[in-house]
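In the numbering used here, the protein residues as written are -6 to 319.
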């Protein structure tokens, strides 16, 4: 039987673009497994350390350039984007499962997903800043989008069974009707079969994830711009969060499964930022940065704590039933 370390993605070899990103802590070194081995744990620790160090370094740079208020805005925006990106990563996990994507094929998708996220977030953030600069009342559109997303997230609850058959993004990708091979071919997106260039299923996975990223940007960008419309602060926070979570994809998926109430915490934060934007635009009430940071931190902590308590309760009930039986 192969060990857990044998599940390390083989394409992450030294010298490859993916391998260089892995060594920089920007790509996962393994996919979720029941019992990660020492090499997998070491890779996760390395990714966490690199991500934390990079975020701290960027925070210091923001502090030097924008002062303490700018640094707090960066931290608040980073936490907001981090919480939203956790849900994004779990969606990627569902997509991989839906397409039955082998473990060794997932890394290239995440690699190009990072490139796509960087370009997409930059374009959307710059567009958002331009819109705000042209007419601040248009921020109310962002507020409406955030409030609607929050309500949908709360109403959907945890009933999502991961069925993507009727998902609009998946249906859009299937509608393209690109000639596709029946099997995966390692990390390759295209192969030549019988003299005909065909896409592999991995291309469909990548297309679905990139389109999903666009959908997630609808929540992500307005939320960050609701905290700060400074392009440097907003883009730095988004990139640090994206690189952090995608460097520890394995842990992110495991945490998302464990923290069942984190979704509600994120929904409340979207609602909070939406209301914050409305108060700023309509009533001219600007919330202090430290208060926004405190609300974000406290809400996320409450969601994590509630999830932890809820996960412990079934174990205690089982122990009580066992003791009563004995």
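In this text, a Cβ means the ideal position worked out from N, Cα and C, and glycines have one as well.
- Can you give me the Cβ contacts of residue 7 inside the same chain, cut-off strictly under 6 Å, excluding the 5 residues immediately before and after it? Position 14 of the chain shown, counted from the start, is the residue given in the question as residue 7. For residue 7, the predicted model reports a pLDDT of 40, less than 50, meaning its position is unreliable; a value from the coordinates is still stated below. Contacts found: none.
- Straight-line Cα distance separating residue 266 from residue 218: Within the chain shown, the letter at position 225 stands for residue 218. Within the chain shown, the letter at position 273 stands for residue 266. Roughly 10 Å between the two C-alpha positions.
- Task: Hey, could you find the ends of the beta strand (DSSP E) residue 192 is sitting in?
- Result: Working through the chain shown from its first residue, we reach residue 192 at position 199. First-last of the beta strand (DSSP E) with residue 192: 189 to 192.
- Item | Contact the stretch 221 to 235 vs the stretch 88 to 105: 3+ CB pairs below 8 Å | no
- Query: Between which two residues does the beta strand (DSSP E) harbouring residue 184 extend?
  - Reply: Position 191 of the chain shown, counting from 1, holds the residue named residue 184. 183 to 186 is the span of the beta strand (DSSP E), which, as asked, contains residue 184.
- Best match in 260, 187, 225, 188 for proximity to residue 58 [C-alpha to C-alpha]: Taking the first residue of the chain shown as position 1, residue 58 is located at position 65. Of the candidates 260, 187, 225, 188, the one whose C-alpha sits nearest the C-alpha of residue 58 is 225.
- Looking only at DSSP bridge pairs, what is residue 173 linked to? Counted from its first residue, the chain shown places residue 173 at position 180. DSSP output for residue 173 lists 192 as bridge partner(s).
- Message: Beta-carbon within less than 6 Å of residue 47's beta-carbon, same chain only, minus the 5 sequence neighbours each way: which residues are those?
- Response: Along the chain shown, one-based indexing puts residue 47 at 54. Hits under 6 Å: none found.
- Item | Spatially closest choice to residue 211 from 258, 194, 280, 141, by CA coordinates | Translated into positions along the chain shown, residue 211 becomes position 218. Selected option, being the one with the closest Cα: 141.
- Which residues in the same chain have their Cβ closer than 8 Å to the Cβ of residue 181, if we skip the five residues on either side of it in sequence? Counting from 1 along the chain shown, the entry for residue 181 is found at position 188. Here the set comprises 193, 195.
- Message: Along the chain, where does the alpha helix (DSSP H) containing residue 122 start, and where does it finish?
- Response: Here residue 122 corresponds to residue number 129 of the chain shown, with the count starting at 1. Run containing residue 122: 96 to 127, per the alpha helix (DSSP H) assignment.
- Sub-9 Å separation of residue 256 and residue 132 beta-carbons: Mapped onto the chain shown, residue 256 falls at position 263. Mapped onto the chain shown, residue 132 falls at position 139. No. Outside cutoff.
- Query: In whole angstroms, what separates the C-alpha of residue 290 from that of residue 72?
  - Reply: Counting from one through the chain shown, the residue named residue 290 turns up at place 297. Counting from one through the chain shown, the residue named residue 72 turns up at place 79. Distance between the alpha carbons of residue 290 and residue 72: 8 Å.
- Using the beta-carbon count (16 or more within 10 Å), is residue 139 buried or exposed? Against the chain shown, residue 139 aligns to sequence position 146. Burial call: buried.
- Query: In its own chain, which residues sit with a C-beta less than 7 Å from the C-beta of residue 190, not counting the 5 before and 5 after it?
  - Reply: In the chain shown, residue 190 corresponds to position 197, counting from 1. These residues qualify, in order along the chain: 183.
- Residue of 285, 213, 221, 238 minimising C-alpha distance to residue 125: The residue given as residue 125 occupies position 132 in the chain shown. The candidate whose alpha carbon is nearest that of residue 125 is 221.
- Item | Cβ-Cβ distance between residue 84 and residue 261 below 9 Å | Here residue 84 refers to the residue found at position 91 of the chain shown. Here residue 261 refers to the residue found at position 268 of the chain shown. Cβ atoms of residue 84 and residue 261: not closer than 9 Å.
- Message: Distance check for residue 238 and residue 92, CA to CA, integer angstroms please.
- Response: Translated into the one-based positions of the chain shown, residue 92 becomes position 99. Translated into the one-based positions of the chain shown, residue 238 becomes position 245. Their backbone Cα atoms lie some 22 Å apart in a straight line.
- For residue 98, which option in 203, 198, 148 has the closest C-alpha, if you only look at C-alpha atoms? Residue 98 sits at position 105 when you count from the first residue of the chain shown. When only C-alpha atoms are compared, the closest one is 198.
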